[in-house]
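Remarks on the structure that follows.
Chains as they are written, first to last, in the numbering used here: chain V, 1 to 575; chain C, 1 to 575.
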C-alpha cells in the first residue's frame, strides 16, 4: 500500500462503494441477506423487523432484499457485535488468535486492548508484536498505547516508554489512543513527563483512557481537564456519577479480578446509560470458558432488570461512539456487518455470530481463519525474553530480617506482618523472592509471605504485575531455585515444584505471559497446576497464581516485594 | 506555524496544559470564574450548581474556585454556547464578521457553514475567501465543502467543483467535511462523479451532510449506505424517523425560507433527541434581527413543551458530537469556555455570552474584535465578479413565444402558465431574464412571469440560486437593461428601477451576494428597496427579492428560467 497514490486509493474505494450503492438500491444481489430479522435499532431504541442486506462486508440496507446467500433467521433477534472497551489481551494467557477463537462464540467482534503487559517486557516491540499478532483477525483488535511503563519508578521492567517511544504508533490505523493513565497523581501534580504523554495523544487527535479509583473534587477536575476522557475503575455509583457528570465516559468493568457490574447497575438507566460501556479489563482462561465475555454482562444486566435495548447499546454502540469507530455498533446502512443472533433476551443464547458479513460461529464451532504473519525477528524476540543466570539455593539464602507480607483471602491488598529471618512452615511464614529477569542484573528482592499456606516445595510465576519478573514463593530455597530455573527453561510461565520435581506447570513462552497453545489446553494445564499447588498446601481461599502475581505491584497497599526488597506502599520506603 | 517542529508543538501545548492542571487543582488562580452558576449538565441531564473556573480559554473545573476575574452570576442559568449545524453564511447578505456581531447576542458560538453560494461564483477561491474572512472570529466558523457546484448541469455558474478541486481543503483545521449532497439522484444512481466526492471525504475521515427531502425505502438505504450521515430537509416526523432509524442525524431546520421546528417537535423526546440538532440553513437580515438565531429554536421548543435540558442539548451538544468537535457543547473540564447566561427557561433572555472565556456580549452590546485579514488578491477578486457587457433594451427584445412561469404566493414552486410573446402588464405578464454574469458569454435566457404584480419599471438581483447570475424582471425592456447595468456597476446586489431612476438598492459587492456594510444598514436598505418594489406594484404576498432569487433554480418544479431559456423541471427539457 505504501506505493499507492491518492488517486489509486480513491479508485480502489470507488469499486466497493459503487457496488454498495447498486446492492442497496436493489439493482444487484447482496452478498448476504439475513431474512426476517428482528433487529435492535440503537437509533430509534426499538426492535425493527425486516431483511438485512450485506455487501462488501457492510450493511447496505434493511427492508426487502435478495442475496447470493440468504439466511432465514426466522424472527430471531439480531444485535450489533459486542465491543470490549478495555482489556489487556495478555490476561487470557494465550495468543490473540486463540483469544479470538474463545470470544467469537460470545458475540465479541471488536476489542480495545492495552498491551500494557507485553510492553512491560518488550517495550515498543511488544506493542508491535501485538499489532502484528492481531492483523486481519475476525475480531477487530484496536489498541490504546500503554501510558505507564514501568508502572512506578521502583519497578524494574523490560522497558521504559516515554511519549516519543510510543509516538509513531499513533499513525497505525488500529491505534485509538493512550491507554489508562494510572499515574493520576502525576497528572494532578502536573508532572511534565506524564502530561506530555497526554499532550502528544491529543496532538494526534486521539482518546486518552483513565484509571483513577475514588478520585473526587478539584483533583478529579484537574485529571479530566488534563484530557482524560474515561474511567473503568468505578466500583460505586457515586464515584461513577461524579466522573460522568464531569464528562468522562464510564466503562463498567466485569472481569476476572474486578466485578463492578452489580454495583453500577444504577447507571444503566436513560439518565446515564448514553455515557456508559462495558469492559472486562482482564479475563483469565477459566473465566472466559465458563462465564463468557461481554455477553455475560448483557445477560446479567437484563436479568437484573436493565432494559434490553439499553444493555445492548452499552455493549456496542456507546463504545463505538467513544472510540470514534463510527462504522460499527449499529445495524444500519454503512455499518460493519458484525451481527450476533440470539434466541431471546431472557435466555440470551448466542446462535450465530457474523463478522463483516461472514458467519464465524454457527452455534457449534468457530470457523477457521488464517493466522496472522509475525515478522520472524519479532517472533524470536518475543520467545526470548528471559535473561537470568542459573540460580541455586544460595541465591535465596538471605539471613537478615525481612518484612512479612500478609495475604488477605479474597483481596489483593496485603497487611504488614512484621519481620522474619527464616522460613517457618508451621507458622505459614514462607520465603518470597522477585527475580529481575529482563536484563541479567542478578537483582533478587527477598521477603516473607504469610497466608499462602504452602507446606512443601515452591510455586513460581513469570506473570507478575506489572514488570513480569519472576515471583517465587517456597518452603525451601532449593525448590525456589529449581522453580525459577524451570520457568527460564520454559521461556516463561507457571511452575509448581516439589523436591526438584515439576508437579504442575503452564508454559507461557510469548514474552513469559502468553502461550502458543489453545485456550482449552492452557486452562487445563492451569487447573492441573492449581490442583498441584493445593496439594502442596496452598490455601483454597486463594487463587495460587493470580494472587501471587500481584505481590510485586508497588501501588497497592500495604507491603509489596520488588526486585530490591520489601516496600511499604504508603510511605514508598523499603523496610 | 509551518516551521514548527513536532517537539516545538508539544512544548507549546505543554505550557498551556500545565497551567490548566495547576488551576484545576486549585493551586493557581483561574483567569475567570463564574461564581454561583446553575449550569446545564448535558451528561447527567440536570441542573448543577457551583463555580465554573476557566483558564486558557477552557473550562478547568466546577466546584469552588477563585479567579483573577470573578463574575457572580447569582444563580442564573449557564448553558454551553449554541451551534448552528448548517447554514450558508452568505444568506445573511453581510460579511462573516458582521454576521458574527449579529449572532453573538443570541448565544451562537459555533456555526457550521457551507459556502455554497460564494463557491458558485468564485469556486475554490470563494471557499478560501470565507476561510480567511472567518479566521479568529469570536464565533468559531467551521466549514463543510460544497458538494454540488453547479447545482445542475443546466446552471451556468462561476465554477465547477469536482472532488480534486476541493480536496486540499480537507487539511484545513476548520473543515469538517462535505456539505449537503443535494444530488441524491446522482448518489442513488451511482454516478461516479458524485460518488467520488463522498469517497474522497471519507478517505479524509470527514463527515458528509445530506439533503434528500422525502427519500424512502431502498433508495434511502442506498443514499445512506453511500456515506451520507445527516439530513436537514425533513419537514414531517415520519420522514425524519425513517432517516434517523437508518442512522442519519437529523438537523431540525428553522430558517428564513423553511420552518420545520413545529412539525418536528415529536423528535425532541428521549427516544430520538440524541440524534437531533438545530440549524437554520439560511437567515436573512430581518429574520436575524427580529427573531434571532438558534436561541429562537430553543425558546420556541421550550415554549411548546420540550424539556429545557433536551432543547439545550439539541442546540449544542449533539451537533458537537456529530461534527466531532469534541471540545465543545458541554460545561465540563477540558471544554471550551463558551457560555450563554440566561434569566430562566421560560423568558429565555440572554444576559451574557462568553467565547473561550471572554465576555463578548454583556446584555447590551457586542465587544469589539479584530477584523480578519484577507489576502488583497483574494479580496480584489471577490469584489470583481461581474463580467457582463453593457446591456440595452435590444438585448431583451425577444419576440418569439416564451414560457410563462406562474408564481405561487407563499411558496417557491411555480406553475406552467402557457406562453407569451410580449409583456402584458394588465394581465400581469412580465418579462423575466437571467443574464450570465461570470464569463461574459452574453447568454441571456428570456421568459415571462405571472403573479409578481409589478406594474412599472424593473427589479433585478444578483442573489439568484444557485449560480447567482442576474435575474431581472420588468414591465419594460429599458428598465430591465438599466437595472441589470446598475447591478454590474454596483458589483452586485439588488436594484429597483423606474424610468431609468434607482428607486431602491442594496449593494452586495462581495461576490455579488454579500455586503461590506453592517447588518443593520443592509437590512435598512433592503426594507427600503422592498417598499420601492411594492410601490411599483409587486404583490405584497411575495417577498420581492427572495422569491425572485429562486426563479433560476432548475431543481424545483414546475418551470424555471436559466441563462438558456425556460425549462420544465420535471422533464428537464427547454420549452
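Built from N, CA and C at the ideal position, the CB exists for glycine as well.
Assignment of residue 36/V by DSSP, reduced to helix, strand and coil, places it in the strand class. Put simply, the backbone Cα of residue 61/V is about 42 Å away from that of residue 59/C. Within the same chain, Cβ atoms closer than 8 Å to the Cβ of residue 202/C are found at 208 and 227, the five residues on either side in sequence being excluded. Of all residues in the stretch 474-508 of chain V, none places a beta-carbon less than 8 Å from a beta-carbon of chain C. When secondary structure is reduced to three states using DSSP, residue 387/C falls in the coil class, being assigned neither helix nor strand. Residues of the stretch 201-215 of chain V that bring their beta carbon within less than 7 Å of a beta carbon in chain C comprise 203, in sequence order.
At a cut-off of 8 Å between C-beta atoms, residue 266/C does not count as an interface residue with respect to chain V. At a beta-carbon threshold of 7 Å, none of the residues of chain C lie near residue 513/V; the nearest stands roughly 32 Å away.
Among the residues of the stretch 216-232 of chain V, those with a Cβ less than 7 Å away from any Cβ of chain C are 217, 218, 219, 221, 222, 224, 225, 226 and 227, in the order of the chain. DSSP places residue 80/V in the uninterrupted beta strand (DSSP E) bounded by 77-80. Counted as a single uninterrupted DSSP element, the stretch harbouring residue 435/V is not any alpha helix (DSSP H) but the beta strand (DSSP E) occupying residues 429-435. Residue pairing of residue 501/V in beta bridges, as defined by DSSP: 498/V.
Between residue 218/V and residue 26/C, the gap from beta carbon to beta carbon is short of 8 Å. Excluding the 5 residues flanking it on each side, residue 68/C has same chain C-beta neighbours closer than 8 Å at 29, 30, 31 and 32, in chain order. The beta carbon of residue 328/V does not come within 8 Å of any beta carbon belonging to chain C, so the residue lies off that interface. Here residue 456/C carries a coil assignment [DSSP, helix/strand/coil].
Residue environment: residue 380/C is assigned as exposed (fewer than 16 neighbouring CB atoms within 10 Å of its CB, all protein chains considered). At a Cβ-Cβ threshold of 8 Å, residue 354/V and residue 330/V do not count as neighbours. At least one CB of chain V lies nearer than 8 Å to the CB of residue 44/C. Just so you know, the alpha carbons of residue 397/V and residue 15/C end up roughly 52 Å apart. Around the beta carbon of residue 213/C, fewer than 16 other beta carbons sit within 10 angstroms, so the residue counts as exposed. Look at residue 116/V here: in three-state DSSP terms it is helix.
Following the DSSP letters along the chain, one finds residue 379/C inside the alpha helix (DSSP H) bounded by residues 376-382. Look at the beta carbons and you see the stretch 345-361 of chain C touching the stretch 71-85 of chain C: at least three pairs across the two are nearer than 8 Å.
One finds 218 in chain C with Cβ atoms closer than 7 Å to the Cβ of residue 26/V, taken in chain order. In the structure shown, residue 570/V falls within a coil segment according to DSSP collapsed to helix, strand and coil. With a contact defined as Cβ atoms closer than 8 Å, residue 536/V and residue 455/V qualify at about 6 Å. Nearest CB-CB separation between residue 313/V and chain C: not below the 8 Å threshold.
With contacts defined by Cβ atoms closer than 8 Å, residue 230/C and residue 260/C do not form a contacting pair.
Here residue 369/C carries a coil assignment [DSSP, helix/strand/coil]. Among the bridge pairs identified by DSSP, residue 339/V is matched with 80/V and 354/V. If one requires a minimum length of 3 residues, the beta strand (DSSP E) runs lying completely within the stretch 173-259 of chain V are 175-181, 207-210 and 249-253, in chain order. Rounded to the nearest whole angstrom, the CA to CA distance from residue 103/C to residue 292/C is 7 Å. Nearest Cα to residue 417/C within the set 411/C, 410/C and 402/C: 402/C. Contact annotation for residue 188/V against chain C: 21 and 25 [CB-CB distance below 8 Å, chain order]. Taking 8 Å as the cut-off, the Cβ atoms of residue 42/V and residue 438/V do not count as close.
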